[in-house]
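Colleague:
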Ligand code: SF4
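In our numbering, the protein residues as written are 4 to 69.
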């Protein structure tokens, strides 16, 4: 089981992750940070989420296994 987390101390709400996978990430109106809207990632989600982890300019995304 794989999950992804956003470090609120790093995230700058640029929304690049939302652009890559809008079903997993969101920046709610008024929120200073992105949130994860899907707790458990499917195999299909994982590829895009890995891309988002690499693309995040703040290195705020982290994959957690198990
Ligand atoms: S790409 Fe990174 S910095 Fe930008 S909203 Fe997503 S988690 Fe935050």
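We put the CB at the ideal spot given by N, CA and C, even for glycine.
Does the ligand SF4 have a heavy atom nearer than 7 Å to the CB of residue 41?
Modeller: As a working note, residue 41 is residue 38 in the chain shown. Not so, every heavy atom of the ligand SF4 lies at least 7 Å from the Cβ.
Colleague: Decide if residue 58 is buried, meaning its Cβ has at least 16 other Cβ atoms within 10 Å, or exposed.
Modeller: As a working mapping, residue 58 is identified with position 55 in the chain shown. Residue 58 is exposed by the Cβ-count criterion.
Colleague: Is residue 26 helix, strand or coil by DSSP?
Modeller: By 1-based counting over the chain shown, the position of residue 26 is 23. Residue 26: coil per DSSP, three-state reduction.
Colleague: Short check: CB of residue 61 to CB of residue 24, under 8 Å?
Modeller: For the purposes of this step, residue 61 is taken as the residue at position 58 of the chain shown. For the purposes of this step, residue 24 is taken as the residue at position 21 of the chain shown. Cβ atoms of residue 61 and residue 24: not closer than 8 Å.
Colleague: Between residue 13 and the rest of its own chain, which residues show a CB-CB distance below 7 Å, the 5 nearest in sequence each way excluded?
Modeller: Translated into positions along the chain shown, residue 13 becomes position 10. Here the set comprises 61, 62 and 63.
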